[in-house]
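Everything in the sequence shown is counted per our numbering, starting at 193 for the first residue and increasing by one. Beta carbons are placed, not taken as given, at the ideal position from N, Cα and C, and that holds for glycine. Quick caveat, the model's predicted, so the values are computed rather than measured.
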Amino acid sequence: MYRTHTCGELRPAHAGQTVTLAGWVHRQRDHGGITFLDLRDRYGLVQIVADPANPQAAKAQDARSEWVLQVTGVVRLRPEGAENPNLATGQIEVEALQVEVLNPAKPLPFIINKDEDTEEAVRLKYRYLDLRRERMQNNIILRHKVVQFIREYLNSRGFLDIETPLLFKTTPEGARDYLVPSRLQPGMFYALPQSPQQLKQLLMVAGFDKYYQIARCLRDEDLRGDRQPEFTQLDLEMSFVQRDEILALVEDLFTQMVKEILPHKRLLASPWLRLSHAEAVERYGNDKPDLRFGMELYTLNNLFAQTDFQVFRAVIESGGVIKCIVAPGCADYTRKQVDELTTFAKEQGAKGLATLALTADGMKGTAQKFIKPEEVQAIQTLTGANTGDLVLFIADSRAVANKTLSALRLLMRDRLNLADPNTLAFAWVLDFPMFEYNEEDKKWDAAHHPFTMPKMEDLPKFETDPSQILSDAYDMVLNGYETASGSIRIHRSDIQQKVFELIGLKEEEIQAKFGHLIEAFQYGAPPHGGMAPGIDRLVMLFADEPNIREVIAFPKNQAGRDLMADAPSPASERQLRDLQIKLDLRLTEKKDEA
Ligand code: ASP
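In structure tokens, the structure reads:
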């Protein structure tokens with residue numbers, strides 16, 4: 193046996209017992225010839241004391257950081273005053289009788305026992321060492337708990353865990369597909385699933401009624417902090433359900449989960465808040481609002497109906513909006529600070545930023561000259577702005593005003609610490625538009641995905657104004673992140689056909705890509721719906737991490753590379769020949785030169 197106990201489990205009750213432990217040298221020091229070392233494993237740390245007078249334990253002296261040791265010794269209470277209250281095993285120590293080196297270690301590229309700033313590229317190259325750190329161990333263990341909670345919760349409610357293929361065909365979630373060349377059918381490609389969307393719908397046609405899967409999704413997108421080329425969703429689908437039944441299930445699942453595994457976190461509201469998509473965008477400027485703090489957006493078009501301010505007047509007349517937010521306590525911002533905010537607003541696409549500081553001795557700011565006292569009064573009444581506050585105005589198209597003020601709102605959140613990190617503001621955003629216009633390609637795209645059910649009462653608008661069609665899609669948001677999307681699905685092939693046509697798919701294309709789905713819907717598809725919470729983002733937020741890479745054991749870097757294994761990497765001549773693929777890298781080279 194390598195060990196009788198783990199390093200984290202010994203307590204005063206074990207005193208007097210002879211135990212065998214195995215683990216890594218976390219720290220080693222000499223005190224008057226006696227060697228003290230902290231032995232570490234997943235379960236914790238324990239102090240080992242080795243007296244060089246005992247030749248069997250002498251090897252402890254040579255041991256260096258991260259060597260793997262096996263130690264047999266006697267558990268004893270620490271001398272009075274030497275206890276460590278910060279350590280679970282801090283009441284005891286193990287007096288070494290015998291020390292074996294199971295494996296020495298080279299000097300490491302970084303220190304494990306200090307959470308110092310190691311460059312991310314080095315951390316990712318030596319991910320297996322980075323993962324030894326306490327923070328990372330905790331994150332991966334939390335992730336495990338989240339996934340196991342989900343499984344137990346859904347299993348006990350009759351859900352079936354069903355696997356779906358990775359080698360499949362395109363399922364459009366709005367990203368680029370990863371393709372896998374087929375050797376047996378040269379020139380043909382599988383697409384890795386952007387989600388199991390089609391397959392879970394087909395499982396409903398197959399009668400499984402309640403499905404879930406902890407599913408890997410693959411999307412070839414540009415990466416950001418909360419995106420990876422492959423990520424994990426709790427994918428779920430139910431038959432004969434309406435929207436609110438799905439929301440209630442998922443809401444209860446996460447509410448119970450927080451209670452059980454995140455007792456230090458507080459839910460902002462129970463039941464969760466619900467907002468329509470239109471309301472979220474109007475009040476917060478985006479469809480994934482951080483609801484832990486106020487600072488809402490206000491539209492001032494009515495209030496400025498009689499304005500003399502030329503800039504505002506022109507924007508209103510051209511169909512734009514004047515919107516504002518109030519930054520609490522920022523009336524004393526210096527010229528330089530206001531200029532910084534203006535630059536920030538311009539980076540978001542706004543033409544400019546107007547400000548009004550409500551100081552004790554009157555008003556200041558770029559808008560002061562142009563705003564009448566009664567307008568200031570009305571703004572205060574509408575927004576609740578007080579003396580000491582700074583009002584930030586954007587006059588622009590609705591989209592630009594929302595985008596800019598939403599970004600300013602989050603900037604001020606971080607500057608003024610307006611959001612409590614231990615509050616979880618789960619909320620539902622409902623009634624999304626079904627389509628959005630793609631200016632670049634001059635066509636309609638499905639806002640969620642094309643399998644989403646439009647609101648029945650909006651069906652006639654397919655012929656008149658697709659922008660006004662709402663859908664039965666919903667998002668779960670948390671602290672400013674979209675953490676799940678879902679919808680009631682189309683189960684009628686005629687409606688599915690209409691949607692495909694509107695997003696510009698030609699008949700042959702529909703048949704080639706989704707013929708199997710349209711056909712399946714003709715053999716008795718039950719009404720169904722579902723959703724897919726993103727595990728990585730949720731665990732990131734639960735663990736207070738800034739980035740999903742911190743909660744994924746082996747993530748890619750921002751350029752989509754695995755720095756540890758050095759992937760992607762070239763294929764051999766032989767592999768390419770088998771696949772009948774010839775590389776033509778001229779295109780890439782040209783791009784690199786440009
Ligand atoms: N497949 C969707 C997604 O990945 C989720 C869903 O509609 O269930 O966002």
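Among the options, the one whose alpha carbon lies nearest that of residue i
i, options, result
"residue 275", "334, 564, 299 and 204", "204"
"residue 722", "340, 679, 706 and 728", "679"
"residue 589", "664, 439, 416 and 509", "509"
"residue 377", "778, 777 and 772", "772"
"residue 193", "294, 334, 506 and 288", "294"
"residue 689", "530, 713 and 667", "713"
"residue 231", "495, 212, 247 and 223", "212"
Cα-Cα separation, residue i to residue j
i, j, result
"residue 258", "residue 763", "36 Å"
"residue 669", "residue 675", "5 Å"
"residue 579", "residue 737", "36 Å"
"residue 767", "residue 437", "50 Å"
"residue 786", "residue 750", "Residue confidence for residue 786 is low, a pLDDT of 48 falling below 50, so the modelled location carries little weight; the figure read from the coordinates is stated next. In a straight line, the C-alpha of residue 786 is about 22 Å away from that of residue 750."
"residue 561", "residue 482", "33 Å"
"residue 265", "residue 249", "9 Å"
"residue 584", "residue 598", "11 Å"
"residue 370", "residue 410", "7 Å"
"residue 524", "residue 549", "7 Å"
"residue 200", "residue 701", "60 Å"
"residue 555", "residue 567", "13 Å"
"residue 283", "residue 321", "29 Å"
"residue 381", "residue 704", "14 Å"
"residue 323", "residue 329", "6 Å"
"residue 343", "residue 534", "48 Å"
"residue 793", "residue 305", "Nothing can be reported for residue 793, as the shown portion of the chain is limited to 193 through 786."
"residue 596", "residue 649", "33 Å"
"residue 301", "residue 741", "20 Å"
"residue 289", "residue 299", "27 Å"
Unbroken alpha helix (DSSP H) run spanning residue i, endpoints
i, result
"residue 677", "Looking at the DSSP string, residue 677 is not in any alpha helix (DSSP H); the run it does join, the beta strand (DSSP E), is 673-680."
"residue 295", "Careful: residue 295 lies outside any alpha helix (DSSP H), inside the beta strand (DSSP E) at 284-295."
"residue 382", "Premise fails: residue 382 lies in the beta strand (DSSP E), 381-383, not in any alpha helix (DSSP H)."
"residue 345", "326-347"
"residue 504", "502-509"
"residue 437", "435-453"
"residue 583", "Looking at the DSSP string, residue 583 is not in any alpha helix (DSSP H); the run it does join, the beta strand (DSSP E), is 582-588."
Residue i and residue j closer than 8 Å at C-beta
i, j, result
"residue 336", "residue 267", "no"
"residue 218", "residue 202", "no"
"residue 388", "residue 427", "yes"
"residue 518", "residue 575", "yes"
"residue 286", "residue 263", "yes"
"residue 651", "residue 626", "no"
"residue 665", "residue 644", "yes"
"residue 281", "residue 252", "no"
"residue 484", "residue 615", "yes"
"residue 393", "residue 681", "yes"
"residue 512", "residue 587", "yes"
"residue 242", "residue 291", "yes"
"residue 479", "residue 667", "yes"
"residue 446", "residue 618", "yes"
"residue 233", "residue 198", "yes"
"residue 646", "residue 432", "no"
For residue i, the first and last residue of its enclosing beta strand (DSSP E)
i, result
"residue 707", "From DSSP, residue 707 is part of no beta strand (DSSP E) but of the alpha helix (DSSP H) over 699-712."
"residue 422", "422-431"
"residue 373", "371-373"
"residue 771", "No beta strand (DSSP E) contains residue 771, which is instead part of the alpha helix (DSSP H) from 765-771."
"residue 228", "226-233"
"residue 725", "720-725"
"residue 239", "236-242"
"residue 479", "From DSSP, residue 479 is part of no beta strand (DSSP E); its letter is neither H nor E."
"residue 391", "No beta strand (DSSP E) holds residue 391; the alpha helix (DSSP H) holding it covers 389-397."
"residue 688", "Run containing residue 688: none in the beta strand (DSSP E); it sits in the alpha helix (DSSP H), 685-694."
Cβ-Cβ separation, residue j to residue i (assumed contact under 8 Å), whole Å
i, j, result
"residue 383", "residue 356", "So it is not a contact: roughly 13 Å between Cβ atoms."
"residue 477", "residue 594", "4 Å"
"residue 728", "residue 423", "5 Å"
"residue 492", "residue 522", "At roughly 19 Å, the Cβ-Cβ gap does not stay under 8 Å, so residue 492 and residue 522 are not in contact."
"residue 639", "residue 632", "With 8 Å as the limit, residue 639 and residue 632 do not qualify as a contact, their Cβ atoms being about 16 Å apart."
"residue 449", "residue 341", "5 Å"
Any C-beta of chain C under 8 Å from that of residue i
i, result
"residue 305", "This model lacks chain C altogether; it includes just one protein chain."
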